[in-house]
Every structure is written in C-alpha cells, then in structure tokens.
Amino acid sequence: MSVELKVNGRAVTVDVEPRTTLLDCVRDELGLKGTHAGCEHGVCGACTVLLDGQPTRSCLMFAVQADGYEITTIEGVAPQAGELDVIQDAFCEAHGLQCGFCTSGMILAARSLLEREASPTVEDIREAISGNICRCTGYGQIIEAIQLAAERMRGQNAPASPSLSRTEAVR
Amino acid sequence: MRAFDYQRPESAEAATRAQSGAEARFIAGGTNLLDLMKLEIETPRTLIDISRLPLDGIAPTEAGGFSIGALVTNAALAADPSVRRLYPVLSRALLAGASGQLRNKATTGGNLLQRTRCYYFYNPATPCNKREPGSGCSAIGGHTRIHAILGTSPHCIATHPSDMAVAMMALEAEVEILGPDGQTRTIPLADLYRLPGDTPHIETSLAPGDLITAVILPPPPPGRQLYRKVRDRASYAFALVSVAAIIAMENGRISAARLAFGGLAPMPWRDREVEALLIGEAPSPALFAAAADRLLATARTEDGNAFKSPLARRTLASVLATACAGNS
Ligand SMILES: Cc1cc2nc3c(=O)[nH]c(=O)nc-3n(C[C@H](O)[C@H](O)[C@H](O)COP(=O)(O)OP(=O)(O)OC[C@H]3O[C@@H](n4cnc5c(N)ncnc54)[C@H](O)[C@@H]3O)c2cc1C
Ligand code: SF4
Ligand code: FES
Ligand code: FES
C-alpha cells in the first residue's frame, strides 16, 4: 500500500504492507534509526515520535494510519546537521543520558512538554516522562536536563532585560 | 503478524457494514488491538480504521448529562472541564490509568473493550479458554496475582483491566451502539459485559458489526466522588484493587451510595446489596466491615490472589471513611 507521510517537514511516499508499524517504517523504510525499538508492546517509550506535536508510541500504530500528520522523529529536532537543539544540548550537559537507548523518546517527550509549558514544575516533568522508561540514569539527571532546557528556552524567548542594558551602559 | 486488508470507511454506517463480515476488527487508538495482533492473539483479516470518524465530541444531553463520543481520547476526557467538575471520579480514574502518552491515543470505546491482561492469555504457548475455547485455564492453579475473585467461573478467572469503566459503572453510564442494520440502541454499561461462565471467549453482548458510538453519562448523582486505585507501582500499573465511590450524607447518615470495583472481577463490579446495606446508616468501622463482608461473600480465591480479599476490605473501609468524613 502506498502512503504519503510528512516526516521532519519532508513529504515522502512509502510503499508498505498494512501490517508495518510506524516504528518499522521509520527505521527500515526511511532509515531513521534514531527512533528505537524497545519492548514493541507500548510499555517502554523508546519508540516515541511526535504526531502533530503529541508524543506517540510508534510501535502501537500502523504506518498506513499516519498519513496527514506532521511526524517528528529525533532526527528532526536539531536545527541542522552537526548541531544540537537546546534540549539535546541540555541532556549532554546535565548527564541526562548514559547508554542513550531511551534518550530520543525522552527528548521528544520533553519537547512536547516545553512547547505547551515554558515553566514546568518537577511534577509536570515527571508526568511528561512517566511513560518513558530509563534503565540507566535513575531519572534524576533527566529531570535536571529538562529543567535546564526550560530555563534556557525561557532565556531565549525573553525580551532583552532593562537591568542588563543598564549594566552594559555602565560598562 | 498476520497480513490483513486495511480500510478506512468515511462514515460510522459504512464502518458497521464493513465489519459485519467475519474476522474483521475496528481499530481506534490501537493501543490494545495492535499489541494483540503482534502476538497473533487477534488475527483479523480486515482492519477497519475508525479513528478518524467524527465521534470525538463531548456534548451535553437534554437529560442534563453528557454524551461522550466513542473516539474521545482518554486524555481529552480526563481534561474536559465539565467532566472534571461534575464527574471527578471519572477524571481521576482515567488519570490513574496507563501513561500520558497512551492516554493521548486510547479512546473511550477502545478502553471499554480492551481485553484482559491475564499472563496466560498473552502467552500462546499456554492453554487458555479465552484465547482457545476448550483448551483449559492455565491461571487456575498458576500465577494469579492479577486475577479475579468475584464473578469468576471454573473456566476463567481473568479480570477486566479498565479503570475508566469502573468509574462509568458507578456513574450508571449507558453505551450507545450502532448496528449494521443502521439502528442505534442504548444499553446500560453493566449489560455490555458478560461474565465468563463456560464461554469466557464471549466477553460482551455486542454482535459482529456493532460499533460503539458514544457513552452517555446521566446527570451527576449527589454526593462526594472518589476513585482509589491500589497497584504494585505508584504509576503506570494496572489495578490490583480499585474502588469508585459516590457517597451522599444527610444528618450524619449515608443517604445515597454507589460503589464499583476494579481488579476484582471479569467486569467492572457493582453490588447493589452492598450499597443497600450502607444507606440509612451512620458511618462506622463496623458498618464498613459489614459492607466488605457482603461484597466478598461469594469470593473464590486462589493462593496467588487470596490477598485481594483483605486488600479490598481495607481499601473499601478507607474509601468509605474518606467519602463520609465532613460530608453531610
Ligand atoms: C503499557 C500499557 C499500560 C496500560 N495501563 C492501563 C491502566 O493502568 N488502566 C487502564 O484502564 N488501561 C490501561 N491500559 C490500556 C489502555 O487503556 C487501552 O489499551 C486503551 O484504552 C484501548 O483503547 P484504544 O482506543 O487504543 O483501543 P483499540 O486497541 O483500538 O481497540 C480495543 C478493542 O476495542 C474495539 N473497539 C475500539 N473502538 C470501538 C468502537 N467504537 N466500537 C466497537 N469496538 C471498538 C477494537 O476492535 C478492539 O477489539 C494500558 C495499556 C498499555 C499498553
Ligand atoms: S484466566 Fe481466563 S484468560 Fe487467563 S488463562 Fe484462564 S481462561 Fe485464559
Ligand atoms: S518500543 Fe514502543 S513502547 Fe517500547
Ligand atoms: S540512558 Fe540508558 S535507558 Fe536511559
């Protein structure tokens, strides 16, 4: 069956059997291996992609059901090749990853959270990643990474503060 | 996974006609069905995608209640302002289930019809009367931590895993069904489910082609609404025991009581005798113990799930104490 998908802003047509999951399609047909296959039963969250900005388990959806959605995988997050986006960068800096298996899913879950909530509480962050399992970090540093990313994104979006310009004037 | 034809009909009527052929299944959020298809426990030849039908609205009814489209997601239903205000037991039950990401996909109709989490049902290498009628029940005499103690039969002791359905049972919800003949009928939620008896593979009263189009909530009953779920982990686990309670008090006595239980039975469990025993009485530990005695009078346990009797007893007492305290 031929399906038109929109993945990371690009329109692609794939020819898949109806029984192909979105996860297998993204990895094997599109070669986007950053979306990880973990449990493949909806439990672990390693396969998370964004559908119209909402984190979704790509192992529990058929590719033939995904037309008409904006699909974002971890490969679509960085501004350009060789760069990291704010959340990816914060994960590196705060040691929010060890083996990295859960990380694509964690980052996409975090991105969805930070798009709707600029100043999430620790509770909000816990809730946002509660469907994503990490076997390495114990979650503490993932939460710190998301807090750090939130702080930096707020900084980016804030207007230049008057107190800062005053200091500059003094200098 | 077995190969199948994929169809996406344009209307609910077309969907019911497409499904009335044998070995066809509707797919809504897919969070349960797709998983069972991977294991080849479900092997439809035709998959009818209903996920884009316009059944995703929540609307007030003339009776003063709400009609919830079958495709309203568990996330949208839990977050709806009217639901949160008027039916907090439902909102809490939904938020106690699965994870945010799954709730974004899982639908109202799919949640009602999700299948049991019995380990043996999921393991095609073991006998299971639900999966393969007549093959036997591996749970009886096996691992039964998650299994039922009420409403079971010698053929199956599986539980219905939904949290949402337990709250809807206490709210006396009705299910609106569109049949392949184009007729719509409405039945009480309690009549949607069937106890296992000697046909545990038949779980509902739906006929082939029947599409759930909506769940109708009557106006909210008087009283305080509570949902308590006891599980092995604080998040992201199915209920061992859950209780939905709606309790009203007048002059220090219980004037109205509705109780539904999850984790204990093959369907969301309601026992009117337990409710009748509470009404007109002043709350006390002795009363709550008598209610638990009545609830558990017909319980049949295995070694692995015997703990559910005392757990249900304590949970019920605690929920009733909370629901009655300062509520008059
Ligand atoms: C890891 C995990 C944890 C979970 N934890 C919980 C939990 O704690 N509590 C809880 O309650 N649930 C839990 N769930 C289950 C989840 O709530 C269900 O999988 C979900 O509600 C099913 O809805 P769906 O729309 O995805 O159904 P689908 O998978 O699409 O369908 C399920 C069944 O319903 C049928 N169906 C769907 N819609 C209709 C309709 N409108 N008319 C007729 N038939 C229909 C389908 O044919 C299929 O047989 C969990 C699931 C997972 C994967
Ligand atoms: S309890 Fe029911 S579902 Fe589980 S093995 Fe026995 S028959 Fe199968
Ligand atoms: S691979 Fe999809 S949830 Fe684990
Ligand atoms: S970093 Fe290894 S699973 Fe999370």
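Each protein sequence line maps, in turn, to chains A and B.
Each residue of the first sequence is one higher than the one before, counting from 1 in UniProt numbering.
Each residue of the second sequence is one higher than the one before, counting from 1 in UniProt numbering.
All C-beta atoms in this analysis are idealised placements derived from N, C-alpha and C, irrespective of residue type, glycine included.
Review point. In its own chain, which residues sit with a C-beta less than 6 Å from the C-beta of B/Ser91, not counting the 5 before and 5 after it?
Key: Counting from 1 along the second sequence, the entry for residue 91 of chain B is found at position 91. Within the same chain, B/Ser91 has close Cβ partners Ala78, Val83, Arg84.
Cβ neighbour criterion (16 or more within 10 Å) applied to B/Gln225: Translated into the one-based positions of the second sequence, residue 225 of chain B becomes position 225. Flag for B/Gln225 reads buried.
- Item | Backbone CA spacing between B/Glu203 and B/Met168 [nearest angstrom] | Indexing the second sequence from 1 puts residue 203 of chain B at position 203. Indexing the second sequence from 1 puts residue 168 of chain B at position 168. Spanning the two alpha carbons is a distance of roughly 18 Å.
Quick check: is any heavy atom of ligand 4 less than 6 Å from the C-beta of A/Phe91? In the first sequence, residue 91 of chain A corresponds to position 91, counting from 1. Flag unset: Cβ of A/Phe91 not near ligand 4.
Of all Cβ atoms in chain B, is any one closer than 7 Å to the Cβ of A/His41? Your numbering for residue 41 of chain A matches position 41 in the first sequence. Closer than 7 Å to some Cβ of chain B, the Cβ of A/His41 qualifies, so yes.
task = Put B/Leu316 into one of helix, strand or coil per three-state DSSP.
result = Counting from one through the second sequence, the residue named residue 316 of chain B turns up at place 316. Helix, per DSSP.
What would DSSP say about B/Met5, mapped onto helix, strand or coil? Counting from one through the second sequence, the residue named residue 5 of chain B turns up at place 5. Sequence check: residue 5 of chain B is Asp here, not Met. Note: B/Asp5 maps to strand in three-state DSSP.
Cβ neighbours of B/Ala18 in the same chain (closer than 6 Å, five flanking residues each side left out): Reading the second sequence from its first residue, position 18 is the one you call residue 18 of chain B. Gln7, Pro9, Ile48, listed in sequence order.
### Query
Taking C-beta to C-beta, are B/Lys105 and B/Pro200 nearer than 7 Å?
Your numbering for residue 105 of chain B matches position 105 in the second sequence. Your numbering for residue 200 of chain B matches position 200 in the second sequence. No, the pair does not count as a contact, with Cβ atoms beyond the cut-off.
Would you say residue 355 of chain B lies against chain A (beta-carbon separation less than 7 Å)? The displayed coordinates of chain B run from 1 to 328. Any statement about residue 355 of chain B would go beyond what the structure contains.
B/Ser205 - DSSP class collapsed to helix/strand/coil: The residue you call residue 205 of chain B lines up with position 205 of the second sequence. Residue state, collapsed to three classes: coil.
Heavy atom of ligand 1 less than 6 Å from the Cβ of B/Ile140, yes or no?
Reading the second sequence from its first residue, position 140 is the one you call residue 140 of chain B. No.
- Task: Give a single yes or no on whether B/Pro200 has its beta carbon closer than 6 Å to a heavy atom of ligand 2.
- Result: Stepping through the second sequence from its first residue, residue 200 of chain B is reached at position 200. Because some heavy atom of ligand 2 lies under 6 Å away, the Cβ of B/Pro200 counts as near it: yes.
Leaving out the 5 sequence neighbours to the left and right, which residues in its chain are closer than 8 Å to B/Thr184 when beta-carbon positions are compared? Your numbering for residue 184 of chain B matches position 184 in the second sequence. The residues are Glu176, Ile177, Leu178, Thr213.
inquiry  = Which of the three DSSP states is assigned to B/Ile177 in this structure?
reply    = In the second sequence, residue 177 of chain B corresponds to position 177, counting from 1. Note: B/Ile177 maps to strand in three-state DSSP.
With a cut-off of 8 Å, do at least 3 Cβ pairs link the segment 295-307 of chain B to the segment 317-327 of chain B?
no
Taking the alpha helix (DSSP H) that B/Phe238 falls in, what are its first and last residues?
-> Reading the second sequence from its first residue, position 238 is the one you call residue 238 of chain B. Where B/Phe238 is concerned, there is no enclosing alpha helix (DSSP H), given that its DSSP letter is neither H nor E.
(Q) Does A/Gly9 pass the burial test, meaning 16 or more other C-beta atoms within 10 Å, or should it be called exposed? (A) Locating residue 9 of chain A in the first sequence gives position 9, where the first residue counts as 1. With fewer than 16 Cβ atoms within 10 Å of its Cβ, A/Gly9 is classed as exposed.
Open item on the list: Quick test of your reading: A/Leu23 and A/Ala37, contact by CB under 8 Å. State the CB separation rounded to the nearest angstrom.
Closed with: The residue given as residue 23 of chain A occupies position 23 in the first sequence. The residue given as residue 37 of chain A occupies position 37 in the first sequence. Right, the Cβ-Cβ distance comes to about 6 Å (below 8 Å), so this counts as a contact.
In three-state DSSP terms, what is B/Arg231?
In the second sequence, residue 231 of chain B corresponds to position 231, counting from 1. B/Arg231: coil per DSSP, three-state reduction.
Note to self: If the cut-off is 9 Å on Cβ atoms, which residues from the segment 1-18 of chain A count as contacting chain B, listed in chain order?
What the structure shows: Met1, Glu17, Pro18
query: Among all the DSSP beta bridges, which residues are the ones paired with B/Tyr193?
result: One-based indexing of the second sequence puts residue 193 of chain B at position 193. Answer is B/Thr204.
Using 7 Å as the threshold, is the C-beta distance between B/Pro266 and B/Ala148 below it? Indexing the second sequence from 1 puts residue 266 of chain B at position 266. Indexing the second sequence from 1 puts residue 148 of chain B at position 148. Yes, these two residues count as a Cβ contact at 7 Å.
Indicate the three-state DSSP secondary structure (helix, strand or coil) for A/Ser165 in the structure shown. Within the first sequence, the letter at position 165 stands for residue 165 of chain A. Note that A/Ser165 scores a pLDDT of 41, beneath 50, so its modelled location is shaky; the value from the coordinates is reported in the next line. Of the three classes helix, strand and coil, the one that applies to A/Ser165 here is helix, per DSSP.
Where the alpha helix (DSSP H) through B/Gln101 begins and ends: Looking up residue 101 of chain B in the second sequence gives position 101. Counting along the chain, the alpha helix (DSSP H) containing B/Gln101 begins and ends at 100-103.
Original post:
Cβ of A/Cys92 within 7 Å of Cβ of A/Cys136?
Top reply: Counting from 1 along the first sequence, the entry for residue 92 of chain A is found at position 92. Counting from 1 along the first sequence, the entry for residue 136 of chain A is found at position 136. In this structure, A/Cys136 does not lie closer than 7 Å to A/Cys92 by Cβ.
query = Could you check where the alpha helix (DSSP H) with B/Ala93 kicks off and where it finishes?
reply = In the second sequence, the residue the question calls residue 93 of chain B occupies position 93. 88-95 is the extent of the alpha helix (DSSP H) around B/Ala93.
Check: Should B/Asp271 go down as buried or exposed, given a rule of 16 or more other Cβ atoms within 10 Å for buried?
Finding: Position 271 of the second sequence holds residue 271 of chain B. So B/Asp271 counts as buried.
_Whole-angstrom distance between B/Leu112 and B/Phe288, CA atom to CA atom_ = The count along the second sequence starts at 1 and reaches residue 288 of chain B at position 288. The count along the second sequence starts at 1 and reaches residue 112 of chain B at position 112. Near 29 Å, if we compare the C-alpha coordinates of B/Leu112 and B/Phe288.
Taking 7 Å as the CB-CB cut-off, is A/Gly131 touching chain B? Here residue 131 of chain A is taken as the residue at index 131 of the first sequence, counted from 1. True, the Cβ-Cβ gap to chain B drops below 7 Å.
(Q) Taking beta-carbon pairs under 7 Å, can you tell me which members of the segment 136-162 of chain B lie near chain A? (A) none
Problem set entry | Nearest candidate by alpha-carbon position, reference A/Asn132, set A/Val122, A/Ile107, A/Thr121, A/Ala149 | Numbered from its first residue, the first sequence carries residue 132 of chain A at position 132. Among A/Val122, A/Ile107, A/Thr121, A/Ala149, the Cα nearest to that of A/Asn132 belongs to A/Ile107.
Within the segment 42-86 of chain B, ranges of the alpha helix (DSSP H) (whole runs, at least 4 residues) = 74-79, 81-86
Q: Anything with a beta carbon under 5 Å from a heavy atom of ligand 1 counts; list them all in chain order.
A: A/Gly42, A/Val43, B/Arg25, B/Phe26, B/Ile27, B/Ala28, B/Gly29, B/Gly30, B/Thr31, B/Asn32, B/Leu33, B/Ala70, B/Gly97, B/Ala98, B/Ala106, B/Thr107, B/Gly109, B/Gly110, B/Asn111, B/Leu113, B/Gln114, B/Ser162, B/Asp163, B/Leu211, B/Ile212, B/Phe238
Inset, instruction - Inspect the beta-carbon positions of A/Ile74 and A/Gly34 and report whether they are closer than 7 Å. - result: Counting from one through the first sequence, the residue named residue 74 of chain A turns up at place 74. Counting from one through the first sequence, the residue named residue 34 of chain A turns up at place 34. Yes, they are a contact pair.
Is there a Cβ of chain B sitting closer than 7 Å to that of A/Pro120, yes or no?
Position 120 of the first sequence, counting from 1, holds the residue named residue 120 of chain A. With 7 Å as the cut-off, A/Pro120 does not count as an interface residue toward chain B.
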